[in-house]
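Colleague:
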Ligand code: SF4
Ligand code: SF4
């Protein structure tokens, strides 16, 4: 077992600055979903982590705590996650960038 980043949707969606998505060193690991916050009644969406790509560096925790001042991300043992998103599909297109899709949140553990 190992540590991965876990983003609290309620805390993130109150600020929803997307800073962590820019600083994570692993491409396509922190994603952003408009629906994830709005479906809980927030005005904004939330960042979330594709846990199969997370390397456990905790840089996003530092960014959220110290730059965003929002404390929405904690490191958690992967088997303790109540819900997780995993990478579903990555396409490398001829002229443009990588497209990564994470599937909806799934229940792991338990
Ligand atoms: S840095 Fe924090 S508040 Fe900003 S999007 Fe990431 S988790 Fe949300
Ligand atoms: S712990 Fe590191 S690799 Fe994992 S989401 Fe945060 S910044 Fe990215």
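Residue numbers (the working numbering): 26 to 135. Where a beta carbon is used, it is the ideal one built from N, C-alpha and C, also for glycine.
1. Taking the C-alpha atoms as reference points, what is the distance between residue 29 and residue 65?
2. What is the residue span of the beta strand (DSSP E) that residue 52 lies within?
3. Since residue 51 and residue 79 should fall inside the 8 Å C-beta cutoff, what is the C-beta to C-beta distance between them, to a whole number of angstroms?
4. Over the uninterrupted beta strand (DSSP E) stretch that includes residue 72, give me the two end residues.
5. I'd like to confirm the pairing. Which residues does DSSP put opposite residue 106 in its beta bridges?
Modeller: Judging by the given coordinates:
1. Stepping through the chain shown from its first residue, residue 29 is reached at position 4. Stepping through the chain shown from its first residue, residue 65 is reached at position 40. Residue 29 and residue 65: Cα-Cα distance of roughly 23 Å.
2. The sequence position of residue 52 within the chain shown is 27, counting from 1. Residue 52: not part of any beta strand (DSSP E); DSSP gives it neither H nor E.
3. For the purposes of this step, residue 51 is taken as the residue at position 26 of the chain shown. For the purposes of this step, residue 79 is taken as the residue at position 54 of the chain shown. Contact check for residue 51 and residue 79: beta-carbon distance about 7 Å, within the 8 Å limit, so the pair qualifies.
4. By one-based count along the chain shown, residue 72 stands at place 47. Boundaries of the beta strand (DSSP E) harbouring residue 72: 71–74, taken from the DSSP string.
5. As a position in the chain shown, residue 106 is number 81, starting the count at 1. In the DSSP assignment, residue 106 forms no beta bridge with any residue.
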